[in-house]
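Report on the following structure.
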Amino acid sequence: MNKYLLVAKNTWYETVAYRFNFVMWRIRVIFQLLTVYFLWLAIIPGNGDFLGYTKPLMLTYILGTSLIASIALASRSYGIGDEINNGNLSNFLIKPINYFLYWFSKDMGDKAMNILFSVLELTILFLLLHPPIFIQTNIFIIFLALISSAIALILYFFFNILLGLIGFWSPDVWSPRFIFIILVNFFAGSLFPLDILPKSVFYFLQALPFTYVLYFPLKIYLGQLSQIEIYTGLFISTIWALIMYWLVRTIWVKGLAFYTAYGR
6 MNKYLLVAKN
16 TWYETVAYRF
26 NFVMWRIRVI
36 FQLLTVYFLW
46 LAIIPGNGDF
56 LGYTKPLMLT
66 YILGTSLIAS
76 IALASRSYGI
86 GDEINNGNLS
96 NFLIKPINYF
106 LYWFSKDMGD
116 KAMNILFSVL
126 ELTILFLLLH
136 PPIFIQTNIF
146 IIFLALISSA
156 IALILYFFFN
166 ILLGLIGFWS
176 PDVWSPRFIF
186 IILVNFFAGS
196 LFPLDILPKS
206 VFYFLQALPF
216 TYVLYFPLKI
226 YLGQLSQIEI
236 YTGLFISTIW
246 ALIMYWLVRT
256 IWVKGLAFYT
266 AYGR
């Protein structure tokens, strides 16, 4: 266990070593957040609502996406495909280390850094903008939202692993990842709550795993779901996590049988 804690710790050092890249990433996140924030601030009238969302609820949802994204979407496992392509995977196969736990540890180190900065950024924005936001006071609801966020974290980790395993069969791992990031940002509800879409579209999206990455944890926090809806969503997201784990293990085994690294 100590070796995985060391991996997570070293991820912090890597982030510090490449400070400019990290700062530019956080600036991009802030500008994207502010763009969506001011858009909805302009759309929703002061004391009115938009498709069932008052201004405090919608702005809380939008600001909450930044925090949940730092928990679920921050990831370092995008490097798996490159390691397969350049043959560095061979170095891990001969070491007494679990390859998936290694990358999960790197992800956790990266998430910890992003959560810290996300909380700092949201605090500064709150002090500057004084947005009308919804504060959830029910501790049990907050606990369920955190459980959902943890499942979202696992789901997104497996998504990234699967995309990285494309490297066993193709040298191009960045194009599928770029398309995937765009799809996740839309289907996970990072721009708006998914339930403002037509019901047929929303019901279809609920069957997909992306819904449980951002939208579902935030809806729990906002208190807009019944207990049955919460427990059903937690069950479905857990099933998706198990399915993704099975897919990762299956494709990993098939990929290793196909894997070659010349000169290693």
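Numbering of the sequence shown is given in the numbering used here, commencing with residue 6 and proceeding in unit increments.
Glycine included, each C-beta is placed from N, C-alpha and C at the ideal position.
Cβ-heavy atom distance between residue i and the ligand ATP below 7 angstroms?
i	result
Tyr220	Among the components modelled here there is no ligand, and therefore nothing to report on the ligand ATP.
Check whether the Cβ atoms of residue i and residue j sit closer than 8 angstroms, and answer yes or no.
i	j	result
Arg46	Leu64	One point to set straight first is that residue 46 is Leu, not Arg, in the sequence displayed. Taking 8 angstroms as the Cβ cut-off, Leu46 and Leu64 qualify as a contacting pair.
Gly114	Thr16	yes
Gly86	Ile171	yes
Ala246	Leu188	no
Lys60	Ile73	no
Ala262	Tyr220	no
Leu168	Arg182	yes
Lys1	Ile144	Outside the modelled stretch of the chain, which goes from 6 to 269, sits residue 1, for which no answer is possible.
Asn165	Ser242	no
Tyr42	Leu68	yes
Leu213	Ile156	no
Phe207	Leu196	no
Phe122	Arg31	yes
Ile201	Leu62	no
Provide the residue(s) that pair with residue i in DSSP beta bridges, ordered along the chain.
i	result
Phe148	Its beta-bridge partners do not exist; DSSP assigns none.
Tyr58	Phe55
With distances taken Cα to Cα, identify the nearest neighbour of residue i among the options.
i	options	result
Lys111	Pro181, Val12, Val124	Val12
Thr265	Leu213, Asn96, Asn143, Ile146	Asn96
Ser82	Gly69, Gln141, Trp108, Met249	Trp108
Ala150	Gln232, Gly51, Phe43	Gln232
Asn90	Gly260, Phe173, Trp257, Val253	Phe173
Asn119	Val28, Val206, Asp54, Ile156	Val28
Ser175	Glu88, Leu44, Phe36, Leu38	Glu88
Phe148	Asn52, His135, Gly228	Gly228
Val258	Leu39, Ser154, Leu98	Leu98
Ser154	Tyr58, Glu19, Phe191, Ile235	Ile235
Arg254	Leu210, Phe209, Leu106	Leu106
Leu1	Gly92, Leu134, Phe215	Nothing can be reported for residue 1, as the shown portion of the chain is limited to 6 through 269.
Leu39	Ser180, Leu134, Lys100	Leu134
Pro136	Gly51, Ile248, Arg24	Gly51
Gly260	Leu94, Gly53, Asn26	Leu94
Quick one: measure Cβ to Cβ for residue i and residue j, integer angstroms, because I've assumed they're closer than 8 angstroms.
i	j	result
Leu223	Thr70	7 angstroms
Ile102	Lys8	7 angstroms
Gln141	Tyr217	Gln141 to Tyr217, Cβ: 19 angstroms. No contact.
Tyr250	Phe131	Not quite, the Cβ-Cβ distance comes to about 37 angstroms (not below 8 angstroms), so this is no contact.
Glu126	Ile35	6 angstroms
Would you say residue i reaches chain C, if we count a Cβ-Cβ gap shorter than 8 angstroms as a contact?
i	result
Arg182	You won't find chain C in this structure, because it holds only one protein chain.
What are the complete alpha helix (DSSP H) segments, minimum 4 residues, inside the stretch 82-156?
85-91, 94-98, 104-134
Just list the beta strand (DSSP E) runs in the stretch 22-56, keeping only unbroken ones of 3 residues or longer that don't cross its boundaries, in chain order.
none
Which ranges does the alpha helix (DSSP H) cover as unbroken runs of at least 4 residues, wholly within the stretch 172-196, from first to last along the chain?
179-192
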